[in-house]
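Numbering-wise, the working numbering comes out as the position in the sequence shown, counting from 1, plus 2. Every residue, glycine too, gets a C-beta built ideally from N, C-alpha and C. As the structure is a computational prediction, the values presented were derived from the model and not from experiment.
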Amino acid sequence: MAIAEIILTFLAGFGLLQVGIRMIGRNLSAMTGNRLRTGISRASRTAPLGALFGTLAGFITQSTRTICFVSASFVQAGMLEVRNALPIVIWANLGSVIVIFAAVFPFHLAVLFLLATAAIPVAFERPKAILKGASAAFGLALILFGLRMMSTSARKLAETDLLAGPLLLLQNSLTLCFCFGLALTCLTQSQLAAMLIILASAQSGIFGVEQALLLMIGAQAGHSLLTYATGMQFRGQSRQVVLGEVMFNVPAVLIFLVPFMLDQALTGGQGQQWIYERLGLPAGTYAAVMVLAVNFLAPLLLTLLLAPYHALCVRLAPPRGDETLSRPRYLRHEVEESAVATLMLAEKEQLRLLRRLPVYCDALRDLPANRDEASPADHYAAFAMVAGAIDQAHARLVAQVMTTADTEWLLNQQKRQELLGGIHEACHDLYTVASNIGSAIRPLRATIVETLDTLLLTTIEGMANRDVHELSLVERMTSSQGTTMERIRKKYLSMSHELSDEDRARILKITSIFERAAWSIRTFALALSASSEMASAPDLAEADNAGQPVPAIGA
Numbered sequence: 003m004a005i006a007e008i009i010l011t012f013l014a015g016f017g018l019l020q021v022g023i024r025m026i027g028r029n030l031s032a033m034t035g036n037r038l039r040t041g042i043s044r045a046s047r048t049a050p051l052g053a054l055f056g057t058l059a060g061f062i063t064q065s066t067r068t069i070c071f072v073s074a075s076f077v078q079a080g081m082l083e084v085r086n087a088l089p090i091v092i093w094a095n096l097g098s099v100i101v102i103f104a105a106v107f108p109f110h111l112a113v114l115f116l117l118a119t120a121a122i123p124v125a126f127e128r129p130k131a132i133l134k135g136a137s138a139a140f141g142l143a144l145i146l147f148g149l150r151m152m153s154t155s156a157r158k159l160a161e162t163d164l165l166a167g168p169l170l171l172l173q174n175s176l177t178l179c180f181c182f183g184l185a186l187t188c189l190t191q192s193q194l195a196a197m198l199i200i201l202a203s204a205q206s207g208i209f210g211v212e213q214a215l216l217l218m219i220g221a222q223a224g225h226s227l228l229t230y231a232t233g234m235q236f237r238g239q240s241r242q243v244v245l246g247e248v249m250f251n252v253p254a255v256l257i258f259l260v261p262f263m264l265d266q267a268l269t270g271g272q273g274q275q276w277i278y279e280r281l282g283l284p285a286g287t288y289a290a291v292m293v294l295a296v297n298f299l300a301p302l303l304l305t306l307l308l309a310p311y312h313a314l315c316v317r318l319a320p321p322r323g324d325e326t327l328s329r330p331r332y333l334r335h336e337v338e339e340s341a342v343a344t345l346m347l348a349e350k351e352q353l354r355l356l357r358r359l360p361v362y363c364d365a366l367r368d369l370p371a372n373r374d375e376a377s378p379a380d381h382y383a384a385f386a387m388v389a390g391a392i393d394q395a396h397a398r399l400v401a402q403v404m405t406t407a408d409t410e411w412l413l414n415q416q417k418r419q420e421l422l423g424g425i426h427e428a429c430h431d432l433y434t435v436a437s438n439i440g441s442a443i444r445p446l447r448a449t450i451v452e453t454l455d456t457l458l459l460t461t462i463e464g465m466a467n468r469d470v471h472e473l474s475l476v477e478r479m480t481s482s483q484g485t486t487m488e489r490i491r492k493k494y495l496s497m498s499h500e501l502s503d504e505d506r507a508r509i510l511k512i513t514s515i516f517e518r519a520a521w522s523i524r525t526f527a528l529a530l531s532a533s534s535e536m537a538s539a540p541d542l543a544e545a546d547n548a549g550q551p552v553p554a555i556g557a
């Protein structure tokens with residue numbers, strides 16, 4: 003067989019391997035759906051349950067990074083505590099490496115049978131009930147078939163002069179083996195893919211047992227670099243979860259390397275060779291067993307040392323002061339079965355969001371900035387997180403059977419939530435447009451900022467105290483804002499000799515944004531007044547002052 007054909011066969015097998023990994027992970031995840039996310043919340047309550055769920059989730063997704071980033075997102079949303087997320091993340095490593103044994107067991111005919119039977123429902127997309135399961139099985143068959151192609155090609159490549167030099171270097175340098183395994187993970191963007199390639203090569207006799215072990219441990223270390231590089235977007239407490247996964251491979255690698263290097267220094271590798279000969283396993287199978295043992299002992303050790311491990315993560319990624327802004331304070335999953343309780347808690351979250359909006363007005367008053375306070379950008383990002391939690395609570399209520407009164411309350415609250423989002427966008431747009439303006443239109447900005455601030459504070463008082471008089475005052479104050487803004491626009495635009503083209507454009511933008519904000523506030527106040535439940539419910543201000551923040555799940 004020509005070298006070109008051997009290389010292309012190897013690359014084709016690598017392509018099938020990558021497609022198979024994506025198929026099995028995507029379809030198994032789709033089969034679990036929301037149950038995976040719900041399971042993370044429930045499994046976080048105890049470390050043993052988190053360990054069991056993490057192992058299962060790692061096997062299902064075939065990606066510890068997926069589990070890590072989902073858990074970090076849960077922490078970011080305030081649904082999970084870092085200490086409870088860590089067992090799930092570190093034990094997911096064990097579940098994700100179980101599939102590597104598929105590369106070391108000889109069942110070629112079973113692979114062909116699985117490939118044929120799973121391909122039929124995938125090709126015809128029938129029956130729908132088993133399509134995702136069949137797609138996952140087809141992905142597994144592609145992995146195994148691709149590995150066989152790669153193993154056969156690797157064995158033939160090893161017999162040529164093309165790889166004689168590089169293989170000799172790897173066989174004579176264990177350090178190079180470790181570095182090559184690390185680079186292979188970064189190149190394939192998958193620890194699993196790198197390990198499967200190494201095992202297939204070891205089964206073909208290309209690598210000895212020591213080289214295979216160092217390559218596998220190098221691939222494990224490469225996973226940390228990959229996770230760190232792709233998890234840079236997380237900050238604060240959510241970053242602690244990512245660092246927990248990144249640092250997992252420190253004890254994992256040390257558990258193997260320390261005894262291995264001591265054996266090399268003291269006996270020249272005779273201890274490792276003695277264990278290998280006594281077990282009587284092929285090199286690839288032995289390497290797979292060792293990797294599985296490492297990925298069991300490392301999370302077990304970290305679970306026993308969870309408190310100091312968590313403290314280390316906190317020290318490396320201190321929580322940000324503004325993180326509480328992005329977490330729901332009142333909404334929680336424990337009461338989601340009660341429509342009335344959920345609606346009451348959502349009301350308090352809405353009031354909490356409404357009370358933040360004057361921050362944008364304060365930022366436009368040219369006052370000295372307080373470094374301890376969250377910036378408008380922090381408030382903008384946090385608003386989206388809390389608003390998303392409210393929307394999810396509403397979506398869960400829609401699926402429930404509710405009374406007519408509760409349904410009307412929900413519809414009214416959903417309308418107000420949409421309007422609240424519009425008010426928030428208008429306040430943020432005003433801050434963005436009016437932050438840096440010329441001195442000629444600063445009086446206009448000051449007038450609009452003070453008027454908007456008055457409207458917001460009056461609406462906040464009306465909602466917090468259930469005061470219909472405050473809400474009616476908002477309606478009266480906003481009834482003629484369109485006419486007022488038009489008059490102000492004409493006044494400033496008539497000063498053509500004093501204004502630049504940029505200032506004239508900003509006048510139009512600022513007044514238009516204020517009109518939008520005033521309309522949204524007026525409509526919000528009208529919807530609030532129309533809510534019979536709001537009128538009969540307890541005072542939100544008293545409830546807000548008396549109530550304590552609700553702890554996140556798993557606290």
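Buried or exposed by the 16-neighbour rule on C-beta atoms within 10 Å, applied to residue i
i	result
residue 174	exposed
residue 274	buried
residue 438	exposed
residue 89	buried
residue 507	exposed
residue 263	exposed
residue 233	buried
residue 451	buried
residue 127	exposed
residue 390	exposed
residue 445	exposed
residue 426	buried
residue 74	buried
residue 208	buried
residue 512	buried
residue 261	exposed
residue 307	exposed
Closest Cα partner of residue i within the set the options
i	options	result
residue 475	419, 526, 503	526
residue 305	87, 61, 82	87
residue 516	477, 433, 463	433
residue 289	215, 243, 259	215
residue 94	147, 235, 243	243
residue 346	357, 407, 333, 355	333
residue 486	393, 449, 17	449
residue 148	282, 423, 198	198
residue 411	342, 453, 353, 455	342
residue 258	72, 205, 15, 220	220
residue 22	464, 84, 141, 58	141
residue 453	429, 441, 464	429
Distance between residue j and residue i (C-alpha atoms, nearest Å)
i	j	result
residue 136	residue 25	10 angstroms
residue 2	residue 349	Residue numbering for the chain in the displayed model covers 3 to 557; residue 2 lies beyond these limits and cannot be assessed.
residue 54	residue 467	48 angstroms
residue 405	residue 396	15 angstroms
residue 6	residue 177	30 angstroms
residue 34	residue 188	Low local confidence applies: a pLDDT of 48 at residue 34 is under 50, so the model's placement there is unreliable, and no value is given.
residue 313	residue 319	10 angstroms
residue 134	residue 229	28 angstroms
residue 114	residue 291	26 angstroms
residue 303	residue 256	12 angstroms
residue 245	residue 66	13 angstroms
residue 145	residue 19	4 angstroms
residue 117	residue 143	5 angstroms
residue 458	residue 237	31 angstroms
residue 102	residue 196	10 angstroms
residue 212	residue 91	29 angstroms
residue 239	residue 317	10 angstroms
residue 311	residue 62	26 angstroms
residue 556	residue 130	Its pLDDT being 34, under 50, residue 556 is placed unreliably in this model, and the value from its coordinates should be taken loosely. Computed Cα separation, rounded: 37 angstroms.
residue 352	residue 12	58 angstroms
residue 14	residue 179	24 angstroms
residue 2	residue 492	Given a span of 3 to 557 for the chain in the structure shown, any question on residue 2 remains unanswerable.
residue 322	residue 70	20 angstroms
residue 194	residue 200	10 angstroms
residue 172	residue 382	53 angstroms
residue 2	residue 48	With the chain covering only 3 through 557, there is no way to say anything about residue 2.
Residue i: CB within 7 angstroms of a non-hydrogen atom of the ligand SAH
i	result
residue 340	Among the ligands in the structure shown, none appear at all, so the ligand SAH cannot be discussed.
Min CB distance residue i to chain B below 8 angstroms
i	result
residue 407	Any reference to chain B falls outside this structure, which holds one protein chain only.
Do the segment 376 to 385 and the segment 350 to 364 meet, that is, are 3 or more Cβ pairs less than 8 angstroms apart?
Short answer: they touch.
Taking 8 angstroms as the cut-off, does the segment 476 to 488 touch the segment 413 to 431 (at least 3 CB pairs, one atom from each stretch)?
Too few Cβ pairs lie closer than 8 angstroms, so no.
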